[in-house]
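Top line first, the protein sequences correspond to chains A and B. All the letters of the first sequence, read from the start, carry residue numbers 72 to 163 under my numbering. All the letters of the second sequence, read from the start, carry residue numbers 72 to 163 under my numbering. By construction, the Cβ of each residue, glycine as well, lies at the ideal position given by its N, Cα and C atoms.
Protein chains: 2
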Amino acid sequence: MAVFDLLGRRWAQRVIWELREGQPTFRALRERCGNPSPSVLNTRLAELREAGVVETVEGGGYRLTEDGRRLLEALLPLHAWAERWAKRVSPG
Amino acid sequence: MAVFDLLGRRWAQRVIWELREGQPTFRALRERCGNPSPSVLNTRLAELREAGVVETVEGGGYRLTEDGRRLLEALLPLHAWAERWAKRVSPG
DNA sequence: CCGCTGTGCTACGATTTTCGTAGCAGAGCG
DNA sequence: CGCTCTGCTACGAAAATCGTAGCACAGCGG
Chain A
72 MAVFDLLGRR WAQRVIWELR EGQPTFRALR ERCGNPSPSV LNTRLAELRE AGVVETVEGG
132 GYRLTEDGRR LLEALLPLHA WAERWAKRVS PG
Chain B
72 MAVFDLLGRR WAQRVIWELR EGQPTFRALR ERCGNPSPSV LNTRLAELRE AGVVETVEGG
132 GYRLTEDGRR LLEALLPLHA WAERWAKRVS PG
């Protein structure tokens with residue numbers, strides 16, 4: 072179950088989620104994620120790049136690979152569940 | 072994005088996955104997950120119980136709630152992606 | 001009553017991960 | 001040369017996790 076090793080780390084899923092559109096820079100991505108420390112973000116990005124789901128953009132910025140976009144789609148049901156769950160936990 | 076807070080912690084997703092069938096005891100669950108330290112497992116179980124996705128069984132053991140089972144279903148696409156990905160990363 | 005076994009779970013020092021802040025090297029531009 | 005952006009590193013402090021040991025309780029056989 073290597074996926075839990077890749078995606079079970081802090082910020083990993085969040086990074087993929089925040090890369091769902093655009094090609095944010097390192098700093099912009101960091102801000103979108105809620106300002107994790109740059110060292111961790113860099114480590115995650117390195118892991119995700121090595122896993123082939125994230126890639127750098129010529130001239131700066133990051134984006135999902137084709138594989139990454141498939142992973143993002145696989146995260147959609149989880150997100151749908153999360154929204155229903157959030158409403159149930161703290162309605163309003 | 073509270074779901075990343077709940078499921079972005081180590082072992083959280085794994086615990087849910089390993090509860091997909093049966094009602095394993097604390098120790099059995101721990102073994103299935105690959106022996107995380109009991110303190111972390113207990114913390115995760117407490118968080119998941121508070122979130123309402125895991126519950127204890129009368130007479131011992133743990134299982135998913137109805138909500139937990141829905142969450143498990145939301146994890147299936149992620150798992151399907153993971154299997155394809157694992158084959159691509161290390162074929163054979 | 002005693003011991004054996006299994007249950008959930010706690011304690012605690014060691015290790016690993018993450019945090020938070022500061023700053024570096026390089027590129028582009030005036 | 002200086003300003004601003006880029007990705008990224010350094011480093012001490014804090015938090016999370018590890019690994020091992022063991023506690024309290026319950027059931028059951030003798």
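| said: Give me the residue from A:144, A:133, A:137 with the minimum Cα distance to residue 90 of chain A. | reply: Closest by alpha carbon: A:133.
| task | Quick one: grab the DSSP three-state call for residue 102 of chain B. | result | Helix at residue 102 of chain B.
| query | So does the stretch 138-145 of chain A actually touch the stretch 94-104 of chain A, counting three or more Cβ pairs closer than 8 Å? | reply | These segments do not touch.
| request: Tell me where the alpha helix (DSSP H) around residue 160 of chain B begins and ends. | output: If you look at residue 160 of chain B, you'll find it in the alpha helix (DSSP H) that goes 137-160.
| Stretch-stretch touch, CB-based, cutoff 8 Å, three pairs: the stretch 149-157 of chain B with the stretch 101-116 of chain B | Judged by pairs of C-beta atoms under 8 Å, the stretch 149-157 of chain B does not touch the stretch 101-116 of chain B, as fewer than three such pairs exist.
| query | What did DSSP end up calling residue 120 of chain B once you bin it into helix, strand or coil? | reply | Helix at residue 120 of chain B.
| Across which residues does DSSP place residue 126 of chain B in a beta bridge pair? | Looking at the DSSP assignment, residue 126 of chain B forms a beta bridge with B:134.
| request: Flag residue 75 of chain A as yes if its beta-carbon sits less than 9 Å from any beta-carbon of chain B, otherwise no. | output: It does; some Cβ of chain B falls within 9 Å.
| message | Give me the chain A residues within the contact set of residue 168 of chain B, using Cβ-Cβ distance strictly less than 7 Å, ordered along the chain. | response | Residue numbering for chain B in the displayed model covers 72 to 163; residue 168 of chain B lies beyond these limits and cannot be assessed.
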